[in-house]
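Protein chains: 2
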Amino acid sequence: MITGKNYIGFSKSVESDTTVTSVNAFNGTVLEDNFFTATSDEIDKSVAKAKNAFIIYSKFSGAKKADFLDEIAKELESLGDELVQRASIESGLPEGRFVGERGRTTGQLRLFASLLRDGNWVESVIDTALPDREPIPRPDIRKMLIPIGPVVVFTASNFPLAFSTAGGDTASALASGCPVIVKAHESHLGVNDLVAGAIIRAAQKTGMPDGVFSSLNGDGYSTGQNLVLHPGVKAVTFTGSFAGGKAIYDLAQNREEPIPVFAEMGSVNPVVLLEEKLEKEAEEIATLYAGSITLGVGQFCTNPGLLFGVKSKSLDEFSAKLAEKMDEVSPSSMLNEKIAKNYSTQRNELISDNEILLSTKESSSVGVPTLAKTSGKKFLENRKLHQEIFGPLSLLVECEDTSELEEVLSKLEGQLTGTIIGTDNDLIQHQKVIELLESKVGRLIFNAAPTGVEVSHAMNHGGPFPSTTDSRYTSVGTGAIKRFARPICYQGMPDSLLPDELKNSNPMNIMRMINGGFTKSSIE
Amino acid sequence: MITGKNYIGFSKSVESDTTVTSVNAFNGTVLEDNFFTATSDEIDKSVAKAKNAFIIYSKFSGAKKADFLDEIAKELESLGDELVQRASIESGLPEGRFVGERGRTTGQLRLFASLLRDGNWVESVIDTALPDREPIPRPDIRKMLIPIGPVVVFTASNFPLAFSTAGGDTASALASGCPVIVKAHESHLGVNDLVAGAIIRAAQKTGMPDGVFSSLNGDGYSTGQNLVLHPGVKAVTFTGSFAGGKAIYDLAQNREEPIPVFAEMGSVNPVVLLEEKLEKEAEEIATLYAGSITLGVGQFCTNPGLLFGVKSKSLDEFSAKLAEKMDEVSPSSMLNEKIAKNYSTQRNELISDNEILLSTKESSSVGVPTLAKTSGKKFLENRKLHQEIFGPLSLLVECEDTSELEEVLSKLEGQLTGTIIGTDNDLIQHQKVIELLESKVGRLIFNAAPTGVEVSHAMNHGGPFPSTTDSRYTSVGTGAIKRFARPICYQGMPDSLLPDELKNSNPMNIMRMINGGFTKSSIE
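Going line by line, the protein sequences match chains A and B. So in the numbering used here, spot 149 of the first sequence is number 150, and the numbers just go up one at a time. So in the numbering used here, spot 380 of the second sequence is number 381, and the numbers just go up one at a time.
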């Protein structure tokens, strides 16, 4: 049930008269529910509760936190059709998409639960005492990761479930032992309300402390800004535009105590198309990429926005096929009016300056699949062409030769992904292309499309600036938990007082590095 | 041999007429060698060389980089007495200290070499393909750490060898695969010159690319500032004052592309003295702490600057003994005039406002061992008492009761270390004290002194802000290598093109996480 209230831990709170609403993204009509915005007093209360909850929650065993995450997944499933329908209405995407996205969201929660039950994620490292060492004895030293404190999560417009209220950021922060305060996204306030209620019920059912989770509605920028600047907040996550992410980063770095910000921002996800592969499989690749460019109306952070190739007959044939296949995709509603308007403006600017391979339809309210083309030379001259246009659009950059292709790649900014389409023979002949792309990206993909980010142990969803503000961490997959942890070292601590992960007997049976070697053995 | 020149990779360079000199710290006389400061052109050249070197060096095998690190250690040893003597003269510390510190420095280099030969540090994670998975197949995904690019190292006044030109920061950055540009410390220009020459010789002997290491002399702040702001620089390390570290951090975060800064700044390293232990071992603890407070004239980042206890007869007896033992330590020269002057000023201010347990001698040019005392109440009222005074000084804070002790601890800033002196019984009765201290520090020590930082796998030399600018990383021990690395994920990459660490056959025989489990097995 949608309450319209703020969730300050276990309390539903309304202190302000100001309300905000969300919009039916299919037709632009305002939805009837009113959501009360959080006051600065409510922000303070949520952080105060989170700080108190942290003292208790951070000491809970992995198994106890895992029960909480599993219960959140169950509560999400219990929301049934109401959640799927609301997500569809607030995003303009079909309901079927949210059956899938709900599965991804509950899958993430359960993956983190299993990670906690395994217990290995804390990176236990033990150097045992050497009392007889000369000239001085070595003390007993043991290190592991511990959580850092309350985390503020900004939710994403393009994933109302999987990157939002109970999405990957919340799941990984809660898994690490950090309480979470969510700033609800103005585009899907109803979904946020439903999901926040589910998380609170799960917290109460599994005996979590009041304050382990809060959710606040905001009016404009001030709610988010006040949260980022609050001294009790110890980290921030964000998924969205470069302007939004960078503004939050700058706020957080200029606090008296700077804090980590994990902002996943723009990425144009360059794709390099090599010739032998294009000659052999133009049709298949065109089909794959027409799907990838227009999937979810192009509103994915891994949408392939730049295609690079060397001038050739096969590149011409491929691009004609790609345009043909993209033309079969109908224009669709975008996530919200602002995104649709930005897309329309940027797309019109692009197509007025460049050759158009596909753009027959005109509309400012829906996402029209678009394929444009430019030369390597023009791309090098015009930095604007390097920037992301969020929507179902790709720019083909035709280079004169491999040397120009290499130059173009060397000038790219940091990206979440880079893709190479090539035969084994193509790859062997383009080692430098591979190395250039590797230096720019967080994930290097071969003969596939960048959309479809696997939630697994080996995934890296991150990349060099400006694709994220911290290339050292992933926001998808189990590695995401590391964002909210720091090492602590215990020197000479009595065994009975040590955390289980570091006790001599290794009661959790985890893999540890002991005196430089990996082992699950206990210590005599 | 001291050259006085800048080392721009393999070239010795002099483009400026400006020279700087270092000082005999024992008597304040200027030493005769002139060191030419780097021009902005020389800074550009060193970064350009580092960028080019990175392309080659970052792809070298661990074994090849290990040979380089081992050779640096050998070259340092070949410098013989000249290095030890110069370090003593430039720091005002006895030669014997530098025989030890040289051993620590070469030991660090060799530890990182062995880490590279082991190969495990890259955190290989592999999720193999699931071609039959429904609804969509899982691709083959493999992740590992790769180096981030050229690193600027600011060297430390208090460790001319172990935290300087070939110290832990340089060793860990080179180990990760990143070229290093050192900004020489104005206090030990001669030592820097000798060590830089040794590193260059080692690089040439082991076939490293020109630009893998550079060393620049500076005049005031501009050299360091220009290095931090250079777009080609990808990370910065610093060990020193809060003001210096925070200034570098702010510069780096306000670049167009923000970069990681690992600044290890001030720490007062609180020590909690519990009653039962004090009753039993006052004499031993006083001896231990008199040594720790005055070791190296108190010029260690882990110097215990704050002692906390609850008012009792045993605390009085302990503090009297501590004062007595500190009184036996002679005042000594400090690292440089600025440090000596700051110490004198801050110490005089402290002792004019607080009770003095020991401070019979007066001098502005040497470090006078000092023990002062204040109440928990005054400590809570006066934030100035929380700040580090760099030198052989400690402030005893006498609390009324355990509750005041807990309040005082809850108000402390982030610290590198926190120490608890207590019997098992004391510890069981002071769980909250342990937890409070744990939340503030990077290393929690039991019944020892915080000075003496072990270089090992389990060490964490770091801590919450403001002790460092990034609590998620250690600057001492093998974990320090992680500061200069980021994950990259390869999706569907042909096995022959994968780095050895991720190849099916596991040619390096390293521990990897495959489909969620740890194993050294190869993949069929």
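We treat Cβ as the ideally placed atom computed from N, Cα and C, and that holds for glycine. All values derive from a computational prediction rather than experimental measurement.
Any Cβ of chain B closer than 9 Å to the Cβ of residue 481 of chain A would place that residue at the interface, and such an atom is absent.
Ranking B/395, B/53 and B/477 by CA distance to the CA of residue 344 of chain B puts B/395 first.
Taking C-beta atoms as the reference points, residue 457 of chain B and residue 142 of chain A count as a pair closer than 9 Å. Listed along the chain, the chain B residues whose CB falls inside 7 Å of the CB of residue 457 of chain A are 128 and 142. Buried is the label assigned to residue 393 of chain B, since at least 16 other Cβ atoms lie within 10 Å of its Cβ. Less than 9 Å separates the beta-carbon of residue 307 of chain A from that of residue 387 of chain A. DSSP, read as helix, strand or coil, puts residue 264 of chain A in strand.
With its beta carbon less than 9 Å from one in chain B, residue 486 of chain A belongs to the interface.
By the Cβ-count criterion, residue 508 of chain A is exposed, with fewer than 16 other Cβ atoms from all chains shown falling within 10 Å of its own Cβ. Taking 9 Å as the CB threshold, residue 333 of chain B stays off the interface with chain A. Distance from residue 284 of chain B to residue 322 of chain B at the Cβ level is roughly 6 Å; contact confirmed, criterion being Cβ atoms closer than 8 Å. Residue 74 of chain A has its alpha-carbon roughly 40 Å from the corresponding atom of residue 235 of chain B. Bridge partners of residue 340 of chain B according to DSSP: none are assigned.
For residue 475 of chain B, the residues of chain A that pass the 9 Å Cβ criterion are 144, 488 and 490, in the order they occur in the chain. Residue 99 of chain A and residue 327 of chain A have their C-alpha atoms roughly 23 Å apart. When Cβ pairs closer than 8 Å are counted between the two stretches, the stretch 404-415 of chain A is seen to touch the stretch 268-277 of chain A, the count reaching three or more. The bridge partners DSSP lists for residue 375 of chain B are B/398.
Taking one beta carbon from each stretch, the stretch 84-104 of chain A and the stretch 328-339 of chain A have 3 or more pairs nearer than 8 Å; the two touch.
For residue 146 of chain A, the enclosing beta strand (DSSP E) stretches over residues 142-148. When Cβ-Cβ separations below 9 Å define contact, residue 237 of chain B makes no contact with chain A.
When beta bridges are read from the DSSP output, residue 216 of chain A appears opposite A/8 and A/183. For residue 491 of chain B, DSSP records a beta bridge to A/445 and B/143. Residues are counted here when their Cβ sits less than 9 Å from a Cβ of chain B; for the stretch 199-230 of chain A the count is zero.
If you look at residue 327 of chain A, you'll find it in the alpha helix (DSSP H) that goes 314-328.
Within chain A, no C-beta atom comes less than 8 Å from the C-beta of residue 285 of chain B; the nearest is roughly 15 Å away. Among the residues facing chain A, residue 65 of chain B is not included, as its CB has no counterpart in that chain under 9 Å away. Counted as a single uninterrupted DSSP element, the beta strand (DSSP E) harbouring residue 128 of chain B occupies residues 126-128. One Cα belongs to residue 384 of chain B, the other to residue 442 of chain B, and the distance between them is close to 18 Å. Shortest Cα-Cα distance from residue 389 of chain B to any of B/188, B/163 and B/301 involves B/301.
Residue pairing by DSSP puts residue 334 of chain A in a beta bridge opposite A/367.
One thing to note: residue 40 of chain A has its Cβ within 9 Å of the Cβ of residue 17 of chain A. Sequence-distant partners of residue 484 of chain B (beyond 5 residues in either direction) whose C-beta falls short of 6 Å from its own C-beta, in its chain, are 263 and 474. Pairing residue 174 of chain A with residue 180 of chain A gives a Cβ-Cβ distance under 9 Å. The alpha helix (DSSP H) runs of length 4 or more contained entirely in the stretch 187-263 of chain A are, from start to end of the chain, 190-206, 223-230 and 243-254. Within the model, the alpha-carbon separation for residue 28 of chain B versus residue 224 of chain B is close to 28 Å.
Around the beta carbon of residue 209 of chain A, 16 or more other beta carbons sit within 10 angstroms, so the residue counts as buried.
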